[in-house]
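Counted from 1, the sequence shown has number 217 at position 85 by the working numbering; the numbering is strictly sequential. Worksheet: the structure to be examined is printed underneath.
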Amino acid sequence: MTTDTGTALRVCALAVRPVKSLRGVDVASTSLDRLGPRGDRRWMVVDDDGDTVTAREVPAMLGLTATPLDGAIELSAPGRASLVVPEPHGGPRLDVTLSRVGWATACAPEADAWLSEALGRRVRLVWLDDPARRSVSTDHGGRPGDALSFADAAPVLLTTTASLAALNTWLADERGHEPLPMERFRPTLVVDGDLEPFVEDGWARVQVGDVVLRFAERCDRCVMTTVDLDTLRTTKEPTRTLARHRRFEGKVWFGVRLVPESAGVLTVGDPVVPRA
């Protein structure tokens, strides 16, 4: 499959992030349905009031990894013993304040203790029993029937290597800054090929292999992108440079949010066909 210009585009990276705001893992393939990648953002860290705890306020969360397993996740961090956390089917309900959820299922106390010790503050881990209970907001391009996990706004985030290359050129030329990794932007899938930077902003739909995804909105970027993934310290980039080149409507933008219109398997190397 090719674009209208005859240039082949392909998926060069896929990632699944089971726990909101924790690091996920790169995968060679992932099953996708109307809810998004299987197991993606089905878990969330909250405080005692049920308020979501994210890496915006606690950058150390990006030093913890959640790996998907069959019916469970594995939590890991440098210098710590890992912990397997089963899906808490039938567990107690915990009220949460994340929009359009209401409640989630509490996990075992061992998971709460592991995360609390790792983050240096009391937190709890919860699981979303059925992502169909939550919808994509119409403010973020949602339509009736669009379902959402604990993700911020849409089931899938797409970025392109061309857009990152442009950003890294700006960073080098204007700031003398080293290149930033794509992981700063936490995409679900990354598209590689001979593209103009940020052309994805104008894609109405994208076919990836046999799966079709609908454009929901461009992705505005928050302070999470400024966390150095090695030091876990907040920096000024890429927000400062994006503000010079990609600032409009009072926000900075990188990547696009998508909603699946069909189910299937996404695989690294799949052909990508965008449609304007």
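Cβ coordinates follow ideal geometry from the N, Cα and C atoms, glycine included. Small disclaimer: the values here were computed from a predicted structure and weren't measured.
- Look at residue 352 here: in three-state DSSP terms it is strand.
- A direct Cα-to-Cα measurement between residue 303 and residue 262 gives close to 41 angstroms.
- Beta-bridge partners assigned by DSSP to residue 236: 226.
- Counting only residues of its own chain and dropping the five nearest sequence neighbours on each side, residue 185 has a CB closer than 7 angstroms to the CB of 177, 178, 179, 255.
- With contacts defined as CB atoms closer than 8 angstroms, residue 323 and residue 404 qualify as a contacting pair.
- By the C-beta criterion, the region 186 to 200 is judged to be in contact with the region 351 to 361, since at least 3 inter-stretch pairs fall below 8 angstroms.
- Out of 321, 305, 281, 367, the CA that lies nearest to the CA of residue 399 is found in 321.
- For a cut-off of 8 angstroms, the C-beta gap from residue 198 to residue 150 is around 4 angstroms, short enough to register as a contact.
- In the structure shown, the three-state DSSP call for residue 347 is strand.
- Take the alpha-carbon of residue 395 and the one of residue 164: they are about 5 angstroms apart.
- Residue pairing of residue 326 in beta bridges, as defined by DSSP: absent, with no partner found.
- Note on residue 183: under 16 other CB atoms within 10 angstroms of its CB, so exposed under the neighbour-count rule.
- Each residue's CA atom was taken as its position, placing residue 200 and residue 343 some 22 angstroms apart.
- If you compare the alpha carbons of 299, 206, 253, 203 with that of residue 378, the shortest gap goes to 299.
- Look at the beta carbons and you see the region 153 to 172 touching the region 277 to 291: at least three pairs across the two are nearer than 8 angstroms.
- Contact between residue 338 and residue 406 holds: CB atoms are separated by about 5 angstroms, below the 8 angstroms threshold.
- Per DSSP, residue 246 is one residue of the alpha helix (DSSP H) stretching across 241 to 251.
- Across the structure, residue 204 and residue 307 are spaced so that their CA atoms are roughly 43 angstroms apart.
- The continuous alpha helix (DSSP H) containing residue 295 extends over residues 293 to 302.
- Contact annotation: residue 335 and residue 408 have beta-carbon atoms nearer than 8 angstroms.
- Per DSSP, reduced to three states, the secondary structure at residue 315 is helical.
- A residue is called buried once 16 or more other Cβ atoms fall within 10 Å of its Cβ, and residue 316 is buried on that count.
- Leaving aside the five residues that flank residue 296 on each side, the residues in its chain whose CB is nearer than 6 angstroms to its CB run, in chain order, 314.
- Taken atom to atom, the span from the alpha-carbon of residue 215 to that of residue 380 is near 43 angstroms.
- In terms of Cα proximity to residue 219, the closest of 227, 207, 329 is 207.
- Here residue 326 is exposed: its Cβ has fewer than 16 other Cβ atoms, across all protein chains shown, within 10 Å.
- Closest by C-alpha distance to residue 160, out of 172, 393, 153, 147, is 147.
- Bridge partners of residue 335 according to DSSP: none are assigned.
- The beta carbon of residue 229 sits closer than 6 angstroms to those of 182, 183, all from its chain and outside the five residues before and after it, given in chain order.
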